[in-house]
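Residue numbers (full-length UniProt numbering): 1 to 696.
Put into structure tokens, the structure is as follows:
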């Protein structure tokens, strides 16, 4: 312990590391009102480069937080990928061998885009400021120096602060990363475990936390302090990365390209914002580290000129030069996964701290943010006292499987991308480029993030997958569906569909009324209530159930929170909207607040809109309008359960929530839901349909 302590403090959650994963965690905590802090050991100096790809699922998540429009406006959209390889006469260089859509058609309403990581983090910081009333800020440079977990405090004790972290508040000049004297910004400093810390000392603070989230990168200080190792291997493939404005006669420079040359390696072209491109270039000749036995390259001697020299050999007969070079780096491909993602149910690792891989599949930033998108809402539930800490066990079981799938995918793709291609007339075995195209196209589904499939757990109601995580592979379908919703795999994110607001005919995407605000959703697909008397009768009975004092909505909602702020109910019927009168729907689906203001955004029709046609939501989800279904959706948008429209279905949902939700000592009164001061401020001029604030 330090002898001079400037101050001590307490916080519910401390985030160590402010990369994309840390930013995503902070976005969730700000949105759900959790008392959190985020620190980073680097100074405020912002480097260019680093990650740049945004996959479809990531953009869906951004939409759920309310800032996907910024990504759509500012980023470069990649819609096509072109393949180039040696022609029949390899001496004449490369030729185009095909082109396909860059994103698999129909997987999402969003397609892959690219933009600088710094802009992405900026959007999330803006979201923090909005939802935390400027109380959550990025603190840097702040370096953690000691982490201790009091293991005598059980996980069930959510009032104590069992994690103690000692930090040093540094000055900016003490936390500048090495650049090896290059005039061009680069990522070569990331090779070194110290990351330019210089063992600097500043003002000391001891932070007592209920939970710590370590998102401090591949050389994670948190991971090392927990004694958690990374398992995997490195390859001999060396790649250089270069960002800038191209000067070239290569015709597909504004398309994503996968290029194989006969003898000089491969290139991936990524068209970026502001007319820039990024080149991932295989380096055939690289300077070796002084300790040649280590097999490591001397990255400090990698230069843009060296990278471009290799690029021109690969692109022959075309040429390329680069002006306004913004950033460069070099890396040696390796795939590793952490042996554990948490320690004592109190400290959690996410992002590059748990998995490392090549960047060519555009997964680094996306998978990292998906980690904390999975984790943070669970921590929020516990901190707010509405869920049992046992739900945190699902973080490692869900995300470690995805990390292993990523490593499997990346290893296969990297081998096919980096290997010398099979060339006509040359007997030496090489990569079958037809196989490469097939793997690449199939891998697009995995890379999109939309096919992530979580196994059965207390949060996903399906049989636990018997396949071990080492056997499960990214290209296996392995889906579970319910006959009531045949196109909705349980354990996967529920895709969106257009529906129409019953009260005013406005067409909306269902995902846009199920935003990331910390709430569970029960989507009540009521069926054709005008033509089917049994469906109408169930609607009445379900409404009466929701009006009663002891249902699964009110049972888990604290008296200090507003109605439907923990579990929300949305009704989507399949009858003609104009054939249904507003007042015909039970009052439970037309709730009023303490001032008598009605919520008109609880009832929707799967019907034709005036200007955007019919969404056919029931057809898209595989739900029969004669039967309907109850869909339980997690706060992170993943489908947890499907049940029939009967008492057994309601009972099953009650049993599901009873496994992990904590009954509140004082439940909401039947007719006087409390609207909170902060929710009151959001009622008018709301930017979205989600006006509820999670347990504030």
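In this text, a Cβ means the ideal position worked out from N, Cα and C, and glycines have one as well.
For a cut-off of 8 Å, the C-beta gap from residue 637 to residue 485 is around 15 Å, too long to register as a contact. Taken atom to atom, the span from the alpha-carbon of residue 244 to that of residue 480 is near 45 Å.
For residue 365, the enclosing alpha helix (DSSP H) begins and ends at 364-383. Under the 10 Å beta carbon count, residue 137 is surrounded by fewer than 16 other beta carbons and is classified as exposed. Counting only residues of its own chain and dropping the five nearest sequence neighbours on each side, residue 660 has a CB closer than 8 Å to the CB of 387, 388, 390, 391, 458, 459. DSSP, reduced to helix, strand and coil, places residue 554 within a helical segment of the structure shown. Its Cα nearest to that of residue 165, the residue 212 stands out among 212, 158, 507. Membership of residue 83 in the beta strand (DSSP E) is indicated by the continuous run 80-86. Annotation for residue 520: the continuous beta strand (DSSP E) segment containing it runs 520-527. Annotated three-state conformation of residue 648 is helix, per DSSP. Check the Cα spacing between residue 41 and each of 172, 59, 103: the tightest is with 172. Counting along the chain, residue 397 sits inside no beta strand (DSSP E); it lies in the alpha helix (DSSP H) bounded by residues 393-418. Short of 7 Å from the beta carbon of residue 450, and not among the five residues preceding or following it, lie these beta carbons of its own chain, in chain order: 56, 57, 107, 108, 493. If you look at residue 209, you'll find it in the beta strand (DSSP E) that goes 203-214. Using a Cβ-Cβ distance cut-off of 8 Å, the region 30-37 and the region 6-13 are in contact, since at least three pairs of beta carbons, one from each stretch, lie closer than that value. Bridge pairing for residue 76: 114 [DSSP].
Residue 478 has no beta-bridge partner at all, per DSSP. Using a Cβ-Cβ distance cut-off of 8 Å, the region 124-137 and the region 16-33 are in contact, since at least three pairs of beta carbons, one from each stretch, lie closer than that value. In this chain, the alpha helix (DSSP H) harbouring residue 543 covers 533-547.
Under the three-state reduction of DSSP, residue 222 is assigned to helix. Around the beta carbon of residue 524, a 10 Å sphere encloses 16 or more other beta carbons of the protein chains shown; the residue is thus reported as buried. The C-beta distance from residue 355 to residue 411 rounds to 12 Å, too long to meet the 8 Å contact threshold.
Excluding five sequence positions before and after residue 80, the CB atoms of its chain that fall closer than 8 Å to its own CB belong to 99, 100, 101, 102, 255, 256, given in chain order. At the C-beta level, residue 123 and residue 70 come within 8 Å of one another. Residue burial annotation: residue 225 is buried, with at least 16 other C-beta atoms found within 10 angstroms of its C-beta.
Under the DSSP definition of a beta bridge, residue 24 lacks any partner. One Cα belongs to residue 202, the other to residue 144, and the distance between them is close to 11 Å. The shortest CA-to-CA distance from residue 563 to any of 594, 503, 628, 641 is the one to 594. Selection 374, 303, 282, 340 evaluated against residue 332 yields 282 as nearest (Cα-Cα).
Residue 150 and residue 609 have their C-alpha atoms some 58 Å from each other. Beta-bridge pairing by DSSP links residue 515 to no other residue. For residue 60, the enclosing alpha helix (DSSP H) begins and ends at 56-65.
When the alpha-carbon of residue 227 is set against those of 260, 349, 119, the nearest one is in 349. In this structure, residue 259 lies away from residue 277, with their beta-carbon atoms at least 8 Å apart. Contact annotation: the region 536-556 touches the region 581-592, with at least three C-beta pairs closer than 8 Å. Per DSSP, residue 439 is one residue of the alpha helix (DSSP H) stretching across 433-448.
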